[in-house]
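Asks: Dropping the structure in here first, questions after.
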């Protein structure tokens, strides 16, 4: 959990309708890469923690017999249910409104537990310990995120690049310099170094998979605006009665950047960090019990 910040239920308030439309998808080879690494045979169970509108869960649903998504935001779960029905997989999915810290919730054991850019919002030590107990022997904890530090140019693409830096300045102009998160402010950003957290809670070293992206994407002003409102630090409720003013300023910025309001970018690569649960005979050898 971010230092000096406390979770509250308004973190993504109002963002759910924008999330799937605005956020860029993970690299298209993600499901194949995970299935190959875990030797999935469509008979296991997946738990997606902090599932949002089901982005990861529904990308992987055909690789498992059952998928369970957990999220504290009712709007996100409503979007996940709608999308599951649209994809005709509602009978293989279950959506549970809860915080990760409330696990295990009598959900049983799982072949894999995924965190799609969500683990940093949680009490990571507590959740890591609980998830280890929920994994089957040989099961996997997976942290899935866009590959950081990747440079993807837009040379040769038909439209201007999305003006991300200018959008960030506009958000700051309206909301102030402190990065907002729910009712609080992230003064120290979000935490990283998951390997250290998991190591002290009974996991071995991670395996790293990179699923390459780079495919050209076309965006319009509506999908770029949806991306903005999908962000925790630009969720609609944060603007209060100034939401219309911000929306108008954003629209002017996008029109100024691209006369026909179309933009080009490239799909980011996806990074997967994967920790396996060792069989009982290989855990705790000479080290006593795991910390609690």
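Residue numbers (our numbering): 102 to 393.
Idealized CB from N, CA, C, for every residue including glycine.
Could you work out which residue in 375, 370, 330, 356 is closest to residue 123 when comparing CA atoms only?
Replies: Position 22 of the chain shown, counted from the start, is the residue given in the question as residue 123. With distances taken between Cα atoms, residue 123 lies closest to 330.
Asks: Go ahead and pull the three-state DSSP assignment for residue 247.
Replies: Walking along the chain shown from the start, residue 247 turns up at place 146. Of the three classes helix, strand and coil, the one that applies to residue 247 here is strand, per DSSP.
Asks: Tell me whether the beta-carbon of residue 213 lies closer than 8 Å to the beta-carbon of residue 206.
Replies: Walking along the chain shown from the start, residue 213 turns up at place 112. Walking along the chain shown from the start, residue 206 turns up at place 105. It is not a contact, given that the beta carbons lie outside the stated cut-off.
Asks: Can you round the beta-carbon distance between residue 373 and residue 245 to whole angstroms, since I take them to be within the 8 Å contact cut?
Replies: Against the chain shown, residue 373 aligns to sequence position 272. Against the chain shown, residue 245 aligns to sequence position 144. Sure, about 5 Å apart at Cβ, within 8 Å.
Asks: In chain order, what residues of the same chain have a beta carbon less than 7 Å from the beta carbon of residue 240, not counting five sequence neighbours either side?
Replies: By 1-based counting over the chain shown, the position of residue 240 is 139. Only 211, 212, 213, 378 meet the Cβ criterion.
Asks: Would you decide whether residue 366 is buried or exposed? Buried here means 16 or more other CB atoms lie within 10 Å of its CB.
Replies: Position 265 of the chain shown, counted from the start, is the residue given in the question as residue 366. Classification of residue 366: buried, given that the 10 Å Cβ count is 16 or more.
Asks: Do you know how far the Cα of residue 236 is from the Cα of residue 389?
Replies: As a position in the chain shown, residue 389 is number 288, starting the count at 1. As a position in the chain shown, residue 236 is number 135, starting the count at 1. Per-residue confidence for residue 389 stands at a pLDDT of 40, beneath the threshold of 50, marking its modelled position as unreliable; the derived number appears in the next sentence. Cα-Cα distance, rounded: 20 Å.
Asks: Suppose the cutoff is 6 Å on Cβ atoms and the five residues either side in sequence are ignored; what does the same chain contact list for residue 130 look like?
Replies: Against the chain shown, residue 130 aligns to sequence position 29. Contacts found: 312.
Asks: Short of 8 Å in beta carbon distance, which residues of its chain neighbour residue 175, apart from the five on each side in sequence? Order them along the chain.
Replies: As a first step, residue 175 is located in the chain shown; it is residue number 74 there, counting from the start. Counting only Cβ-Cβ distances below 8 Å, and skipping sequence neighbours, we find 198.
Asks: Within 10 angstroms of the Cβ of residue 137, are there 16 or more other Cβ atoms? Answer buried if so, exposed if not.
Replies: Against the chain shown, residue 137 aligns to sequence position 36. Its Cβ having fewer than 16 others within 10 Å, residue 137 is exposed.
Asks: Helix, strand or coil: which one does DSSP assign to residue 146?
Replies: Start at 1 with the first residue of the chain shown, and residue 146 comes out as number 45. Strand, per DSSP.
Asks: Near residue 121, what residues of its chain come up, given a Cβ to Cβ distance below 6 Å and the 5 sequence neighbours on each side ignored?
Replies: Taking the first residue of the chain shown as position 1, residue 121 is located at position 20. Within the same chain, residue 121 has close Cβ partners 154.
Asks: From which residue to which residue does the alpha helix (DSSP H) around residue 270 run?
Replies: Locating residue 270 in the chain shown gives position 169, counting from the first residue. Note, residue 270: alpha helix (DSSP H), 265-276.
Asks: Suppose the cutoff is 7 Å on Cβ atoms and the five residues either side in sequence are ignored; what does the same chain contact list for residue 281 look like?
Replies: The residue given as residue 281 occupies position 180 in the chain shown. Correct list, in chain order: 334, 339.
Asks: Quick check on the burial criterion: 16 or more other C-beta atoms within 10 angstroms. Buried or exposed for residue 173?
Replies: Looking up residue 173 in the chain shown gives position 72. It counts as buried.
Asks: Do the CB positions of residue 158 and residue 194 come within less than 8 Å of each other?
Replies: For the purposes of this step, residue 158 is taken as the residue at position 57 of the chain shown. For the purposes of this step, residue 194 is taken as the residue at position 93 of the chain shown. It is a contact, given that the beta carbons lie within the stated cut-off.
Asks: Just curious, the alpha helix (DSSP H) that residue 331 is in, first and last residue?
Replies: On the chain shown, position 230 is the one that residue 331 refers to. Looking at the DSSP string, residue 331 is not in any alpha helix (DSSP H), and its letter there is neither H nor E.
Asks: CA-CA distance, residue 188 and residue 160?
Replies: Residue 188 sits at position 87 when you count from the first residue of the chain shown. Residue 160 sits at position 59 when you count from the first residue of the chain shown. Rounded to whole angstroms, residue 188 to residue 160 spans 11 Å at the Cα level.
Asks: Nearest by alpha-carbon distance to residue 202: which of 292, 370, 102 is it?
Replies: Within the chain shown, the letter at position 101 stands for residue 202. Here the closest residue by C-alpha is 102.
Asks: Are there 16 or more other CB atoms within 10 angstroms of the CB of residue 149, so buried, or fewer, so exposed?
Replies: Reading the chain shown from its first residue, position 48 is the one you call residue 149. Its Cβ being crowded by 16 or more others within 10 Å, residue 149 is buried.
Asks: The alpha helix (DSSP H) that contains residue 225, what's its start and end?
Replies: On the chain shown, position 124 is the one that residue 225 refers to. Where residue 225 is concerned, the enclosing alpha helix (DSSP H) stretches over 225-235.
Asks: Would you tell me roughly how many angstroms separate the C-alpha atoms of residue 139 and residue 233, rounded to the nearest one?
Replies: Stepping through the chain shown from its first residue, residue 139 is reached at position 38. Stepping through the chain shown from its first residue, residue 233 is reached at position 132. Answer to the nearest angstrom: the Cα atoms are 16 Å apart.
Asks: Figure out for me which residue from 300, 368, 169 has the closest Cα to the Cα of residue 317.
Replies: For the purposes of this step, residue 317 is taken as residue 216 along the chain shown, with counting starting at 1. Looking at the Cα atoms, 368 is the closest of the given residues.
Asks: Please classify residue 108: does DSSP put it in a helix, a strand, or coil?
Replies: Numbered from its first residue, the chain shown carries residue 108 at position 7. Three-state DSSP puts residue 108 in coil, outside helix and strand.
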